[in-house]
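Here is the structure we will look at.
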Amino acid sequence: MKKNLEKYKKIVGEEIVEKIYKKAKKLLKKNIVCISSTNQEGGVAEILNSIIFLFNEIGIKFDWRIIHGTPNFFTITKKFHNALQGADIHLSKDKKRIYYETNRKFSMLNHLDHDLVMVHDPQPLPLIDFYKKKQPWIFRCHVDLSNPNLEVWNYLKHFIKKYDELVISTEEYKKNLSIPQTVIHPAIDPLSQKNRQVQKKTIKKYLSKNGIDFKKPIISQISRYDKWKDMEGVIKIFERVKKEIDCQLVLLGNIAPDDPEGIDIYTEIVRKFGNRKDIKILVNVSANDLVVNCLQRKSAVIIQKSLKEGFALTVSEALYKETPVVASSVGGIPLQIIHGENGFLHEPNDINGFAESIVTLLKDDKLRKKMGKSGREHIKKNFLITRLMLDWLDLFEKYLC
357 MKKNLEKYKK IVGEEIVEKI YKKAKKLLKK NIVCISSTNQ EGGVAEILNS IIFLFNEIGI
417 KFDWRIIHGT PNFFTITKKF HNALQGADIH LSKDKKRIYY ETNRKFSMLN HLDHDLVMVH
477 DPQPLPLIDF YKKKQPWIFR CHVDLSNPNL EVWNYLKHFI KKYDELVIST EEYKKNLSIP
537 QTVIHPAIDP LSQKNRQVQK KTIKKYLSKN GIDFKKPIIS QISRYDKWKD MEGVIKIFER
597 VKKEIDCQLV LLGNIAPDDP EGIDIYTEIV RKFGNRKDIK ILVNVSANDL VVNCLQRKSA
657 VIIQKSLKEG FALTVSEALY KETPVVASSV GGIPLQIIHG ENGFLHEPND INGFAESIVT
717 LLKDDKLRKK MGKSGREHIK KNFLITRLML DWLDLFEKYL C
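The sequence shown begins at 357 in our numbering and counts up one residue at a time.
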């Protein structure tokens, strides 16, 4: 039976795929486990859903375990997430106890007899305390660590230093640690439902079903309902743009199971702007990945107005579909957007700069198409799942061969 990896040859070329097979031979029958906080929504879950399937299919044994917890646990770990990105936090003994005990409970329910353990993000970070360490442990942090709250960083660093290696998304996230640190950029799967080619009739069907008007240019931001995505700032930009060009704004996002703040942020946006006919606010829509795909293709411009950002794969998704992006120059976004070539970069609070760039793109079809084509090529060369597979294989080879 033809392996799914073969399908990627049409996109990245035979040489890349054969290189994956060759590197994977050294790791056949090795057993690796990834541990994360959810298998739904968000960039981490999307990456793991694709990459684990592909690795298992070519003979590297991959497990994926999910750490479960009470709503309290996820409220606390969301606060940790925010604090790692610079927010204030009261780090009480009770927060530490719930965090630590949830990880201890996981350890009582799960054996980890694998050849390598890869822990994703802070939720399962303390697990290393509860196992007799007999294999390499890698901590993959997807969060922006450039300016963390020092109290939380010092607390979590106590666990991180017990790992064999820290993997981060950009050079600027490197910290003063005694363990090795490796930069591996995230990537998108070009053949997932979110990114595969779709027909025009499919785009019309799914966007019409969600009440999106095809008569006016669409500006959209696709992201979690999260304070770092600054939805109200996006609306301010839209209002500036609309003074010059009649258009509509679509906010499309999810509320992930491990993100209890999301519902509050979504509710507040709906309360303030839900009656606006020119703003469509969508959450957890049916066939979400396909709707995202359609919206990214139909939008004239995508916004990513993050105040802080781990990487923002939504930027790669849009660029791969030849849609230019106007975004904040934070986190991993400048790696994806080459200013003036496939989009525009601005400081997060530069409302006028965002608006001017969007107006420029809406008024110039040729520029928009030129940037779109440039964006697709940039993502194809640098941010597809096949490149990520090669990076992971190199990482695992260091410890398992």
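A virtual CB, placed ideally from N, CA and C, is assigned to each residue, including glycine.
All of these numbers come straight from a predicted model, not from anything done at the bench.
Cutoff 7 Å; reference residue 432; Cβ partners in own chain excluding five residues on either side: Taking the first residue of the sequence shown as position 1, residue 432 is located at position 76. Closer than 7 Å at the Cβ level, and outside the excluded window around residue 432, lie 451, 454, 455.
Chain-order list of residues whose beta-carbon lies under 6 Å from that of residue 365 (same chain, five-residue window excluded): Translated into the one-based positions of the sequence shown, residue 365 becomes position 9. Taken in chain order, the residues that qualify are 373.
Report the start-end ranges of each beta strand (DSSP E) in the segment 510-558 that is 3 residues or longer and not cut off at the edges. 521-524, 537-539
Under the three-state reduction of DSSP, which class applies to residue 578: helix, strand or coil? As a working mapping, residue 578 is identified with position 222 in the sequence shown. The answer is strand: DSSP assigns residue 578 an E or B state.
What first and last residue would you give for the beta strand (DSSP E) that runs through residue 759? As displayed, the chain neither begins before 357 nor continues past 757, which places residue 759 out of reach and without an answer.
How long is the line joining the alpha carbons of residue 414 and residue 744, rounded to whole angstroms? Residue numbering aside, residue 414 sits at position 58 when the sequence shown is read from its first letter. Residue numbering aside, residue 744 sits at position 388 when the sequence shown is read from its first letter. Near 15 Å, if we compare the C-alpha coordinates of residue 744 and residue 414.
Suppose the cutoff is 6 Å on Cβ atoms and the five residues either side in sequence are ignored; what does the same chain contact list for residue 649 look like? For this step, residue 649 is matched to residue 293 along the sequence shown. Closer than 6 Å at Cβ, skipping near neighbours: 550, 554.
To the nearest angstrom, how far is the alpha carbon of residue 466 from that of residue 485? As a first step, residue 466 is located in the sequence shown; it is residue number 110 there, counting from the start. As a first step, residue 485 is located in the sequence shown; it is residue number 129 there, counting from the start. Near 14 Å, if we compare the C-alpha coordinates of residue 485 and residue 466.
Helix, strand or coil for residue 685, going by three-state DSSP, please let me know. Here residue 685 refers to the residue found at position 329 of the sequence shown. Residue 685 falls in the coil class under three-state DSSP.
Among 694, 676, 704, which residue has its Cα nearest to the Cα of residue 684? Counting from 1 along the sequence shown, the entry for residue 684 is found at position 328. Ranking 694, 676, 704 by Cα distance to residue 684 puts 704 first.
Taking only three categories from DSSP, how would you classify residue 499? Residue 499 sits at position 143 when you count from the first residue of the sequence shown. Here residue 499 sits in coil by DSSP.
Taking the DSSP output, what are the residues bridged to residue 389? As a position in the sequence shown, residue 389 is number 33, starting the count at 1. 419, 473.
Rounded to whole angstroms, what's the CA-CA distance from residue 460 to residue 557? Just pull it up for me. The residue you call residue 460 lines up with position 104 of the sequence shown. The residue you call residue 557 lines up with position 201 of the sequence shown. Approximately 51 Å between the Cα atoms of the pair.
Element boundaries [alpha helix (DSSP H), containing residue 368]: In the sequence shown, the residue the question calls residue 368 occupies position 12. Residue 368 -> alpha helix (DSSP H) spans 365-368.
Cβ-based burial, residue 713 [other Cβ within 10 Å; buried from 16]: As a first step, residue 713 must be located in the sequence shown, where it is residue number 357. So residue 713 counts as buried.
Would you say residue 640 touches the ligand COA, meaning its beta carbon is less than 7 Å from a heavy atom? You won't find the ligand COA in this model; it holds no ligand whatsoever.
Where does residue 446 land, buried or exposed, given buried means 16+ other C-beta within 10 angstroms? Locating residue 446 in the sequence shown gives position 90, counting from the first residue. Label assigned to residue 446: exposed.
If we call anything under 8 Å between Cβ atoms a contact, is residue 494 one with residue 471? Here residue 494 corresponds to residue number 138 of the sequence shown, with the count starting at 1. Here residue 471 corresponds to residue number 115 of the sequence shown, with the count starting at 1. No. Outside cutoff.
With residue 622 and residue 635 assumed to form a contact (beta carbons below 8 Å), what rounded beta-carbon distance in angstroms separates them? In the sequence shown, residue 622 corresponds to position 266, counting from 1. In the sequence shown, residue 635 corresponds to position 279, counting from 1. That pair is no contact at about 13 Å.
Start and end residues, alpha helix (DSSP H) containing residue 567: Position 211 of the sequence shown, counting from 1, holds the residue named residue 567. Note, residue 567: premise wrong, no alpha helix (DSSP H); not H, not E.
Which residue comes first and which comes last in the beta strand (DSSP E) that contains residue 700? Indexing the sequence shown from 1 puts residue 700 at position 344. Run containing residue 700: 699-702, per the beta strand (DSSP E) assignment.
Reference residue 603, options 588, 569, 584, closest by Cα: Translated into the one-based positions of the sequence shown, residue 603 becomes position 247. Checked all of 588, 569, 584; the closest Cα to residue 603 is 569.
Take every Cβ of the segment 720-730, pair it with every Cβ of the segment 510-529, and state whether three or more of those distances are shorter than 8 Å. no
Is it right to say residue 496 is buried, meaning 16 or more other beta carbons lie within 10 angstroms of its own, or is it exposed? Here residue 496 is taken as the residue at index 140 of the sequence shown, counted from 1. Residue 496 comes out buried.
Are residue 689 and residue 592 close, meaning C-beta to C-beta below 8 Å? On the sequence shown, residue 689 is found 333 positions in, with the first residue counted as 1. On the sequence shown, residue 592 is found 236 positions in, with the first residue counted as 1. No, the Cβ-Cβ distance between residue 689 and residue 592 is not below 8 Å.
Give the straight-line distance between the Cα atoms of residue 410 and residue 631, rounded to the nearest whole angstrom. Your numbering for residue 410 matches position 54 in the sequence shown. Your numbering for residue 631 matches position 275 in the sequence shown. So the alpha carbons of these two residues sit roughly 44 Å apart.
So residue 709 packs on residue 702, CB below 8 Å; how close in whole Å? On the sequence shown, residue 709 is found 353 positions in, with the first residue counted as 1. On the sequence shown, residue 702 is found 346 positions in, with the first residue counted as 1. So it is a contact: roughly 4 Å between Cβ atoms.
Using beta-carbon positions only, say whether residue 759 and residue 443 come within less than 8 Å of one another. Summary: the structure shown does not reach residue 759, with the chain confined to residues 357 through 757, and so no result is reported for it.
Going by alpha carbons, who is nearest to residue 656 out of 620, 573, 676? The count along the sequence shown starts at 1 and reaches residue 656 at position 300. Of the candidates 620, 573, 676, the one whose C-alpha sits nearest the C-alpha of residue 656 is 573.
Quick one: what's residue 751 bridged to in DSSP? Here residue 751 is taken as the residue at index 395 of the sequence shown, counted from 1. Looking at the DSSP assignment, residue 751 forms no beta bridge with any residue, so it has no partner.
Range covered by the beta strand (DSSP E) that runs through residue 636: Residue numbering aside, residue 636 sits at position 280 when the sequence shown is read from its first letter. Where residue 636 is concerned, the enclosing beta strand (DSSP E) stretches over 635-639.
With distances taken from CA atoms, which of 548, 654, 539 is nearest residue 571? Here the question's residue 571 lines up with position 215 in the sequence shown. Checked all of 548, 654, 539; the closest Cα to residue 571 is 654.
First through last residue of the alpha helix (DSSP H) which encompasses residue 447: Counting from one through the sequence shown, the residue named residue 447 turns up at place 91. Where residue 447 is concerned, there is no enclosing alpha helix (DSSP H), given that its DSSP letter is neither H nor E.
Limits of the unbroken beta strand (DSSP E) element including residue 491: By 1-based counting over the sequence shown, the position of residue 491 is 135. Where residue 491 is concerned, there is no enclosing beta strand (DSSP E), given that its DSSP letter is neither H nor E.
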